[in-house]
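Using numbering that gives the first Met the number 0, you'd call the opening residue of the sequence shown number 0 and step up by one each time.
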Amino acid sequence: MNINDILKNIIEDKYNELRSSKDNEGIFSKIDYFEGNAIGQIGEEFVKTIFKEENIKIDNKQKVIHDEYDILSNGIKIEIKTARKGLKNNSFQFNGINPAYNNDYIIVIGLTHQNAYYLIIKDKISYNHKKRRYFLKVNEKERQLVAMNPGNSVNYKLTLQLSDLKSIDNFVKELKENLL
Numbered sequence: 000m001n002i003n004d005i006l007k008n009i010i011e012d013k014y015n016e017l018r019s020s021k022d023n024e025g026i027f028s029k030i031d032y033f034e035g036n037a038i039g040q041i042g043e044e045f046v047k048t049i050f051k052e053e054n055i056k057i058d059n060k061q062k063v064i065h066d067e068y069d070i071l072s073n074g075i076k077i078e079i080k081t082a083r084k085g086l087k088n089n090s091f092q093f094n095g096i097n098p099a100y101n102n103d104y105i106i107v108i109g110l111t112h113q114n115a116y117y118l119i120i121k122d123k124i125s126y127n128h129k130k131r132r133y134f135l136k137v138n139e140k141e142r143q144l145v146a147m148n149p150g151n152s153v154n155y156k157l158t159l160q161l162s163d164l165k166s167i168d169n170f171v172k173e174l175k176e177n178l179l
C-alpha cells in the first residue's frame, strides 16, 4: 500500500463528491477557481466599475486600497465584501470585517454559479458588553459578527443566507438612492 495513493484516493473522492453537487454550467461558475482575495478583488472592481459607468463620484482613484474603506465617494466611506455561496448550503461568508473601522456602508456581493446578489448595509456595528460580541444590523435584525480565527479580535466574518440578499438587478438604483 502506497501512502501517496491513499491520500490521492481520498482527495479524488472528495473532489468527485463536491463536483457532483455543483452546477458548473452557470455564467459565474468560474468563481470556483479563484481564492478568497481574488473574489474580493472581483467584487471591488465590479462596484468601482458601476460607480464609473453611472458617473458616481469616487474620491480615491487607487485600484486597490489597503485602508479602512474601499471607496470614498463624496466623503462617504464604503467597504465592499464579496463571497461565493457555500457548497452545501445557501449561505455566504463575508470575511475581513473590522469593527474598529468607521465605514458608512458595507456593500456585500454574493455570487452563485447562476446569479449575483447584493445588500447595502448601513454600517452600524455595535458591541454588546454583556455578551462580549459584535453585532451588525442587517435587514432590521442584529447579526453577530464572528471572529475569523480563535483569538483574532481584529477581523470578523458575517454569514448571510441567500434569502437575506437581493437580486443584483436593482443594485444601481439602490446605490444611487443611498449615495446621491
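Glycine included, every Cβ here is placed at the ideal spot set by N, Cα and C. Model, not experiment: these values are computed from the prediction.
Using the C-alpha atoms, what's the distance from residue j back to residue i?
i	j	result
Gln-113	Tyr-32	15 Å
Glu-176	Gly-74	16 Å
Lys-76	Glu-16	42 Å
Ala-146	Val-153	8 Å
Glu-24	Thr-111	11 Å
Val-171	Ile-38	20 Å
Tyr-126	Phe-93	19 Å
Lys-13	Gln-40	28 Å
Asn-58	Asn-89	At residue 58 the sequence reads Asp, which differs from the Asn that was named. If you take the alpha carbons of Asp-58 and Asn-89, they lie about 35 Å apart.
Lys-56	Tyr-117	20 Å
Pro-149	Glu-11	31 Å
Lys-29	Lys-130	40 Å
Glu-52	Arg-142	33 Å
Glu-44	Lys-87	27 Å
Phe-91	His-128	27 Å
Asn-8	Glu-34	24 Å
Asn-54	Phe-27	26 Å
Asn-36	Tyr-155	15 Å
Asn-169	Asn-151	35 Å
Should residue i and residue j be called a contact, given that it needs their Cβ atoms to be closer than 8 Å?
i	j	result
Pro-98	Tyr-133	yes
Val-46	Ile-79	yes
Would residue i be called buried (16 or more neighbouring beta carbons within 10 Å of its own) or exposed?
i	result
Ile-2	exposed
Ser-72	buried
Ile-5	exposed
Ile-120	buried
Gly-42	buried
Between the options, which lies nearest to residue i when the distance is taken from Cα to Cα?
i	options	result
Tyr-104	Gly-85, Ile-124, Leu-159, Glu-53	Ile-124
Asn-191	Ile-70, Ser-90, Lys-87	Residue numbering for the chain in the displayed model covers 0 to 179; residue 191 lies beyond these limits and cannot be assessed.
Leu-161	Leu-174, Asn-138, Asn-148	Asn-138
Leu-178	Lys-130, Ile-106, Tyr-155	Ile-106
Asp-122	Arg-131, Lys-140, Lys-129, Lys-130	Lys-140
Contact check, residue i vs residue j under 8 Å by CB: the rounded distance?
i	j	result
Leu-135	Leu-159	Leu-135 to Leu-159, Cβ: 10 Å. No contact.
Ile-167	Ala-82	Contact flag wrong, Cβ pair sits at about 14 Å.
Leu-164	Gly-109	5 Å
Leu-174	Ile-49	7 Å
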